[in-house]
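**Q** Numbering (numbering that gives the first Met the number 0) for the sequence shown: 0 to 642.
Where is the CB? At the ideal position from N, CA and C, for every residue including glycine.
Once you've had a glance at the structure underneath, I'll fire off some questions.
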Amino acid sequence: MDFFEQQDKARGLSGYLFLLFGFAVLCIIISIFCLASVAVGFEKNLAELAWTFELAAVSSVSTIIAVFLASAFRISWLSSGGKVVAESMGGQRLNQSTKDPLSRQVLNVVEEMAIASGTPVPPVYLMEEEGINAFAAGYSPRDAVIGVTRGCATKLNRDQLQGVMAHEFSHILNGDMRINIRLTGIIFGIVFLSSIGRILTNIAYVSGGRRRNGKDSGGGALVILGIGLLIIGGIGGFFGAMIRASISRQREFLADASAVQFTRNPDGIAGALKRIGGYSHGSKLQSAGAQEFSHMFFSSGISSMFATHPPLPIRIKRIDPNWKNSYPNTDKISEIASQGSEMAGISGFAGASPSGKTTVNQTATQTRTEQQEHTPSAQTFLKSEGKIDEEKLAQVRSLIASIPAPLIEQAKEPFGARCLLFALLLDIKDLDARKRQAQMIEHQAEEGTLYQTEKIEPLLTNLSCEQKLVLVEESRPAIAELSMNQFSVFQTLIVQLIGADESIDLFEWCLHKVIEFDFGKQHYPRQLHGRASIRSRLSDCAVILGALSHYGQDGADPQPSFNHGMQALDRSGQIKLPPSQNCGLSSMDKAIERLNKMSATEKRSLIDACARTIDHDGKTTDIEIQILRGIACALSCPLGPNL
Numbered sequence: 000m001d002f003f004e005q006q007d008k009a010r011g012l013s014g015y016l017f018l019l020f021g022f023a024v025l026c027i028i029i030s031i032f033c034l035a036s037v038a039v040g041f042e043k044n045l046a047e048l049a050w051t052f053e054l055a056a057v058s059s060v061s062t063i064i065a066v067f068l069a070s071a072f073r074i075s076w077l078s079s080g081g082k083v084v085a086e087s088m089g090g091q092r093l094n095q096s097t098k099d100p101l102s103r104q105v106l107n108v109v110e111e112m113a114i115a116s117g118t119p120v121p122p123v124y125l126m127e128e129e130g131i132n133a134f135a136a137g138y139s140p141r142d143a144v145i146g147v148t149r150g151c152a153t154k155l156n157r158d159q160l161q162g163v164m165a166h167e168f169s170h171i172l173n174g175d176m177r178i179n180i181r182l183t184g185i186i187f188g189i190v191f192l193s194s195i196g197r198i199l200t201n202i203a204y205v206s207g208g209r210r211r212n213g214k215d216s217g218g219g220a221l222v223i224l225g226i227g228l229l230i231i232g233g234i235g236g237f238f239g240a241m242i243r244a245s246i247s248r249q250r251e252f253l254a255d256a257s258a259v260q261f262t263r264n265p266d267g268i269a270g271a272l273k274r275i276g277g278y279s280h281g282s283k284l285q286s287a288g289a290q291e292f293s294h295m296f297f298s299s300g301i302s303s304m305f306a307t308h309p310p311l312p313i314r315i316k317r318i319d320p321n322w323k324n325s326y327p328n329t330d331k332i333s334e335i336a337s338q339g340s341e342m343a344g345i346s347g348f349a350g351a352s353p354s355g356k357t358t359v360n361q362t363a364t365q366t367r368t369e370q371q372e373h374t375p376s377a378q379t380f381l382k383s384e385g386k387i388d389e390e391k392l393a394q395v396r397s398l399i400a401s402i403p404a405p406l407i408e409q410a411k412e413p414f415g416a417r418c419l420l421f422a423l424l425l426d427i428k429d430l431d432a433r434k435r436q437a438q439m440i441e442h443q444a445e446e447g448t449l450y451q452t453e454k455i456e457p458l459l460t461n462l463s464c465e466q467k468l469v470l471v472e473e474s475r476p477a478i479a480e481l482s483m484n485q486f487s488v489f490q491t492l493i494v495q496l497i498g499a500d501e502s503i504d505l506f507e508w509c510l511h512k513v514i515e516f517d518f519g520k521q522h523y524p525r526q527l528h529g530r531a532s533i534r535s536r537l538s539d540c541a542v543i544l545g546a547l548s549h550y551g552q553d554g555a556d557p558q559p560s561f562n563h564g565m566q567a568l569d570r571s572g573q574i575k576l577p578p579s580q581n582c583g584l585s586s587m588d589k590a591i592e593r594l595n596k597m598s599a600t601e602k603r604s605l606i607d608a609c610a611r612t613i614d615h616d617g618k619t620t621d622i623e624i625q626i627l628r629g630i631a632c633a634l635s636c637p638l639g640p641n642l
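Here it is as structure tokens:
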């Protein structure tokens, strides 16, 4: 599954969605104009017909403005992050350091899927619902959350839960979450007319008494206008449901197919759908918000004339053509997470000795050596992207297990996660810069931060670049728990620590970009991808490829590697290798800002060109792979780990 292509298609689908919205609004304008004319004409004689139409037009325009404002407000509210969706449906956030095996299993599956796909690890919310269901919500991968029902956690085994999570992560990677938020906002705006109608009807009811007492003469018009808006709002909701169903059903088929391709295990997602079919509660939800967010769920959460999801038998048949149309008796199934296997998410790591003491140097050094000896070419690495089978997930579990348990534990809670990230950025070569960094932490961070940071640092010494980036990704849910003030201090310190030695190398820059992608919402545009082409950004591409050529050729002539990468983007040969001073990190920052306006598929082409540049000398290193991942993150196209 080409997720870059699907993101561009999803962007096109958003345009189609707004076109349908515009058509619906046009129909509403005509309806309201007619309604207002009738309502005013009910009170006025034909001599004032011109005034009647003028008032009708004003009423129409005013109401349409209300529709647009209501939609814009709802979209803006939902765009603040997936947590608002989860909390509005009663979801409770799962603590990353929980020792409950059931919660731990859900968190571990989500964590493995996120790290394998290269996306930031999302917070997970548990809804106290008996139905088997789940959802992914957010405006981008950086503010996404995963929600699961208790029924999903208790009625599905690990493989089936993994299939459901693969389905939800495909929504994240396909760009569906943004469509879902816009769809929710648009439907809200259309249905908002019903709310106006109810208000006007109530006003008319109150003013009715005054009218009977001779104090008011406009109650009849308000009644007609109010009832009419209720009807129009209902009609708008009807057509809105049709729009939601037509768009959502096709994206659900795509997510099912993506999940199968993701995991290479069709039995996982098919088994989950079969258990829904054999369950008395099915996938139904009782939450008041289920109606508004019905198109976001794994399976249909409500009963509706226009279902947002294809029928279960059709979905199952597409995945398992040999299915015999029989469902298991899910009511009698109760999946209990294994205490030992799932608690390995906190302790029991491959870095701990039988006595419980962590053998950091031995394990980390061994892992780093093995990775350096088996580093694939950058192009081979890119070809493995989008394939998340059981073998890859097992490698992710092994990678996490190779990291000392105390570091994983630090990453699970907000204070420790900040200290961990600060420790990753401490300078080990320049003692003066190190002193400046210590002073920054001491003066700006909470009391005890410097002590904990320096305590963590020795555990990081022998970690590979891959392990360090995993720790960054592991820290994301804990960092998301920070208050606005704490996050602001954290973000400022990250930038200051990186610049403390006044000399940032390319890997530090890439590490910073990964941290920014995971946590730095204010540093990235709301729109993940634009519409610009590579041909309009060739000079910016040259800065990125030039930096890779100057950095990665061990002193050899950078021109051949630059040409090798640039030819994949432009065969005219007109773009020349920029001098090294024009490929510095500030130049790269400016180039990345312009390159982020390209489409997702064009960004993928640039990432491929970067891989060709890196591979030219035939000596691809682990650090170069991580630099490639950092560049991809800076382009809002994160890549999974090098496994």
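Output the boundary residues of the beta strand (DSSP E) element that contains M439.
**A** Counting from one through the sequence shown, the residue named residue 439 turns up at place 440. Careful: M439 lies outside any beta strand (DSSP E), inside the alpha helix (DSSP H) at 430-443.
**Q** Classify L125 as helix, strand or coil using the three-state DSSP reduction.
**A** Counting from one through the sequence shown, the residue named residue 125 turns up at place 126. L125 falls in the strand class under three-state DSSP.
**Q** Which runs of the beta strand (DSSP E) fall wholly inside the segment 453-505 and span at least 3 residues, in chain order?
**A** The segment 453-505 contains no whole beta strand (DSSP E) run of 3 or more residues.
**Q** Give me the Cβ distance between T200 and L229, rounded to the nearest whole Å; I'm assuming they're in contact under 8 Å.
**A** Sequence index remark: in the sequence shown, residue 200 carries index 201 (1-based). Sequence index remark: in the sequence shown, residue 229 carries index 230 (1-based). Yes, they are in contact, since the Cβ atoms of T200 and L229 sit about 7 Å apart, within 8 Å.
**Q** With DSSP collapsed to three states, give me the class of G146.
**A** The sequence position of residue 146 within the sequence shown is 147, counting from 1. Strand at G146.
**Q** Please work out which residues of its chain come closer than 6 Å, Cβ to Cβ, to G564, disregarding the five sequence neighbours upstream and downstream, and give them in chain order.
**A** As a first step, residue 564 is located in the sequence shown; it is residue number 565 there, counting from the start. Taken in chain order, the residues that qualify are L544, A608, R611, T612.
**Q** Using a 10 Å radius around the Cβ and a threshold of 16 neighbouring Cβ atoms, would you call G415 buried or exposed?
**A** Residue mapping note: residue 415 aligns to position 416 of the sequence shown, counting from 1. G415 should be labelled buried.
**Q** In three-state DSSP terms, what is A135?
**A** Reading the sequence shown from its first residue, position 136 is the one you call residue 135. Of the three classes helix, strand and coil, the one that applies to A135 here is strand, per DSSP.
**Q** Short of 7 Å in beta carbon distance, which residues of its chain neighbour G137, apart from the five on each side in sequence? Order them along the chain.
**A** Taking the sequence shown and counting its residues from 1, one reaches residue 137 at position 138. Answer for G137: G80, G81, A143, V144, M176, listed in chain order.
**Q** For M597, list the residues DSSP reports as bridge partners.
**A** Here residue 597 refers to the residue found at position 598 when the sequence shown is read from its first residue. A531, per the DSSP bridge assignment.
**Q** If you measure from the CB of Q285, is any heavy atom of the ligand PLP nearer than 7 Å?
**A** With respect to the ligand PLP, the structure shown offers nothing to examine, as it has no ligands at all.
**Q** Which residue from L160, G583, S538, S116 puts its Cα closest to that of Q394?
**A** In the sequence shown, the residue the question calls residue 394 occupies position 395. Among L160, G583, S538, S116, the Cα nearest to that of Q394 belongs to S116.
**Q** Name, in chain order, the residues that DSSP records as bridge partners for R263.
**A** The count along the sequence shown starts at 1 and reaches residue 263 at position 264. Paired residue(s): none; R263 is not in a bridge.
**Q** Does the separation of the CB atoms of L160 and V105 fall below 8 Å?
**A** Against the sequence shown, residue 160 aligns to sequence position 161. Against the sequence shown, residue 105 aligns to sequence position 106. Yes, the pair counts as a contact, with Cβ atoms nearer than the cut-off.
**Q** With respect to the alpha helix (DSSP H) encompassing N324, which residues constitute its N-terminal and C-terminal limits?
**A** Taking the first residue of the sequence shown as position 1, residue 324 is located at position 325. Premise fails: N324 is in no alpha helix (DSSP H) and is neither H nor E.
**Q** So, do the segment 123-130 and the segment 265-285 have three or more beta carbon pairs nearer to each other than 8 Å?
**A** Yes: at least three Cβ pairs fall under 8 Å.
**Q** Tell me the residue span of the alpha helix (DSSP H) that contains Q290.
**A** On the sequence shown, residue 290 is found 291 positions in, with the first residue counted as 1. Q290 -> no alpha helix (DSSP H), and no H or E assigned at all.
**Q** Specify, as a first and last residue, the run of the alpha helix (DSSP H) that S650 falls within.
**A** The structure shown does not extend to residue 650, since the chain spans only 0 to 642, so no value can be given for it.
**Q** Output the distance between the C-alpha atoms of K382 and L459, rounded to the nearest integer angstrom.
**A** Walking along the sequence shown from the start, residue 382 turns up at place 383. Walking along the sequence shown from the start, residue 459 turns up at place 460. Cα to Cα, the separation comes out at about 30 Å.
**Q** With DSSP run on the structure shown, which of helix, strand or coil describes Q91?
**A** Against the sequence shown, residue 91 aligns to sequence position 92. Correct three-state label for Q91: strand.
**Q** Taking only runs of the alpha helix (DSSP H) that begin and end inside the segment 60-120, which ones reach a length of at least 4 residues, in chain order?
**A** Counting whole runs of 4 or more residues, the segment 60-120 contains the alpha helix (DSSP H) stretches 82-87, 100-116.
**Q** How long is the line joining the alpha carbons of D517 and I29, rounded to whole angstroms?
**A** Reading the sequence shown from its first residue, position 518 is the one you call residue 517. Reading the sequence shown from its first residue, position 30 is the one you call residue 29. Each residue's alpha carbon lies about 46 Å from the other.
**Q** Can you give the Cα-Cα distance for S474 and A258, rounded to whole angstroms?
**A** Start at 1 with the first residue of the sequence shown, and residue 474 comes out as number 475. Start at 1 with the first residue of the sequence shown, and residue 258 comes out as number 259. Looking at the two C-alpha atoms, the distance is approximately 25 Å.
**Q** Kindly list the residues whose CB is nearer than 8 Å to the CB of Q370, restricted to its own chain and excluding five residues on each side of it in sequence; keep chain order.
**A** In the sequence shown, the residue the question calls residue 370 occupies position 371. Residue confidence for Q370 is low, a pLDDT of 44 falling below 50, so the modelled location carries little weight; the figure read from the coordinates is stated next. So the list reads S463, E465, D621, N641, once near-sequence residues are dropped.
**Q** Candidates R593, I387, G150: which alpha carbon is nearest T329's?
**A** Walking along the sequence shown from the start, residue 329 turns up at place 330. Among R593, I387, G150, the Cα nearest to that of T329 is on G150.
**Q** Between I242, I195, F237, which has its C-alpha nearest I226's C-alpha?
**A** On the sequence shown, position 227 is the one that residue 226 refers to. With distances taken between Cα atoms, I226 lies closest to I195.
**Q** Quick check on D255: buried or exposed, where buried means 16 or more other Cβ atoms within 10 Å of its Cβ?
**A** Start at 1 with the first residue of the sequence shown, and residue 255 comes out as number 256. Classification of D255: buried, given that the 10 Å Cβ count is 16 or more.
**Q** Start and end of the alpha helix (DSSP H) containing D158?
**A** Stepping through the sequence shown from its first residue, residue 158 is reached at position 159. First-last of the alpha helix (DSSP H) with D158: 157-173.
**Q** Give the secondary structure of S538 by DSSP, where H, G and I count as helix, E and B as strand, and everything else as coil.
**A** Here the question's residue 538 lines up with position 539 in the sequence shown. In the structure shown, S538 sits in a helix (DSSP, three-state: H, G or I).
**Q** Would you kindly work out how many angstroms separate the C-alpha atoms of I493 and S482, rounded to a whole number?
**A** By one-based count along the sequence shown, residue 493 stands at place 494. By one-based count along the sequence shown, residue 482 stands at place 483. Rounded to the nearest angstrom, the two C-alpha atoms are 16 Å apart.
**Q** Throw me the rounded Cβ distance for the T148 and M126 pair, which I believe falls under 8 Å.
**A** Residue numbering aside, residue 148 sits at position 149 when the sequence shown is read from its first letter. Residue numbering aside, residue 126 sits at position 127 when the sequence shown is read from its first letter. Indeed, because the Cβ distance is near 5 Å, the residues count as touching under 8 Å.
**Q** What do you reckon, are the CB atoms on I533 and E592 nearer than 8 Å?
**A** Residue 533 sits at position 534 when you count from the first residue of the sequence shown. Residue 592 sits at position 593 when you count from the first residue of the sequence shown. No, the Cβ-Cβ distance between I533 and E592 is not below 8 Å.
**Q** Using CA coordinates, which residue listed in K391, K428, R417, Q438 is at the minimum distance from T262?
**A** Here residue 262 refers to the residue found at position 263 of the sequence shown. Taking only the C-alpha atoms, the option nearest T262 is K391.
**Q** Is M295 buried or exposed, if buried means 16 or more other CB atoms sit within 10 Å of its CB?
**A** For the purposes of this step, residue 295 is identified with residue 296 of the sequence shown, where counting begins at 1. M295 should be labelled buried.
**Q** Measuring CB to CB, does M88 end up less than 8 Å from S282?
**A** Taking the first residue of the sequence shown as position 1, residue 88 is located at position 89. Taking the first residue of the sequence shown as position 1, residue 282 is located at position 283. Contact flag unset, no.
**Q** Looking only at C-alpha atoms, which of Q290, R274, N264 sits nearest to G236?
**A** Counted from its first residue, the sequence shown places residue 236 at position 237. Closest by alpha carbon: Q290.
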